[in-house]
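Structure, as structure tokens:
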Amino acid sequence: GADALRFYLLQHAGMNQDIRFREDGVKLAGQFCNKLWNASRFVMMNLTENANEGTELARFVPSLVTPEDTTLSTPDRWILSRLQRTIAAVTDGISTYNMDAAMRAIYSFVWDDFCDWYLELAKPRLRESGEERITTQNVLYHVLETTLRLLHPMIPFITEEIWQNLTGAQNATIMRSEFPLVDELWVSDSVEGRMDIVIEAIRAARNLRAEIGLPPGQRLPGAIVPKNVGAATIFADNQVSVIGLARLTDLTFMDSAPGGGGAWAGSPIAGGEIFIEI
């Protein structure tokens with residue numbers, strides 16, 4: 006498609022360099038477009054609730070997300086901080102004609118930060134009811150809608166299609182919407198640092214499972230030995246996320262490596278050490 010071709014060419018548009026055309030590169034760019042499409046479908050499916058079977062779903066009316074919102078979780082603030090850094094990187098790349106740098110930034114954000122991490126972290130909260138679900142919905146809407154506007158100059162057709170469905174705008178086009186601007190109030194080194202510790206713990210547990218050859222669906226008890234009070238607080242605040250994404254039955258906090266009758270496999274992480282009982 007045209008979007009996949011545009012995306013591929015911009016990915017390889019290094020300054021003062023010729024581009025060697027590769028069809029498989031276009032296919033990879035097409036996979037990115039497909040990833041964006043599927044992520045957008047997931048978000049839109051979770052922006053409405055059908056209270057009575059057979060009734061028509063009401064269109065989601067987003068609320069403004071502000072830094073003062075106390076209902077925002079660490080993953081919420083993390084993805085919003087990462088979004089602002091991505092806007093800055095993409096804007097800088099476009100303004101300096103450094104297109105490949107701009108594409109690397111937006112690719113990494115959409116594929117890694119948004120799809121691989123935030124959507125997975127959001128799923129348990131979307132299954133809740135009340136304020137927690139509503140906050141997650143508002144963050145999902147805000148991040149997706151902003152990302153579409155950020156991507157529109159690069160892949161105009163798919164972003165227009167998704168944006169119109171997402172916003173429900175009548176006789177409107179994404180071309181007339183404003184290009185995203187950086188909001189420094191959302192940028193937080195401390196939030197990103199805390200989230201990096203959580204992500205590292207999840208990755209470490211997943212790697213342990215893979216090394217041992219455990220089935221992906223098998224849930225096992227987990228344990229964690231925080232290296233200090235700060236790390237313990239981070240893991241306690243994000244315990245549900247670690248349990249869910251690392252496929253654990255529970256996560257026990259300990260002062261030292263677990264012993265007893267069970268056999269444990271462990272891995273050092275930035276915030277201490279994580280274990281799974283095998």
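All residue numbers for the sequence shown refer to this note's numbering, where the first residue is 6 and numbers rise by one.
Beta carbons: idealized from backbone N, C-alpha and C, even for Gly.
These numbers come from a predicted model, not from an experiment.
Here LEU190 is exposed. Its C-beta has fewer than 16 other C-beta atoms within 10 Å.
The segment 88 to 145 is shown to contain whole alpha helix (DSSP H) runs of 4 or more residues at 104 to 113, 124 to 131, in chain order. Take the alpha-carbon of TYR123 and the one of GLU28: they are about 31 Å apart.
Assignment of beta-bridge partners to ALA228 by DSSP yields THR257, PHE280. Annotation for PHE37: no residue places its beta carbon closer than 6 Å to its own, counting only its chain and skipping 5 residues before and after. The three-state reading of DSSP puts SER182 in coil, since its state is none of H, G, I, E or B. Inter-segment contact for the segment 150 to 165 and the segment 228 to 240 is absent: fewer than three beta-carbon pairs are separated by less than 8 Å.
Non-local C-beta neighbours of ILE217 in its own chain, meaning closer than 7 Å and more than five positions away in sequence, comprise ALA270, ILE283, ordered along the chain. In the three-state DSSP reduction, SER246 falls in the helix class (H, G or I). By the criterion of at least three beta-carbon pairs nearer than 8 Å, the segment 171 to 184 is not in contact with the segment 242 to 251.
The beta carbon of GLY277 lies closer than 7 Å to those of ILE229, VAL230, PRO231, LYS232, ALA236 in the same chain, with the five residues before and after it left out. In this structure, ALA275 sits near ILE202, with a CB-CB distance shorter than 8 Å. Annotated three-state conformation of ALA9 is helix, per DSSP.
Secondary structure at ILE274: strand, using DSSP grouped into helix, strand and coil.
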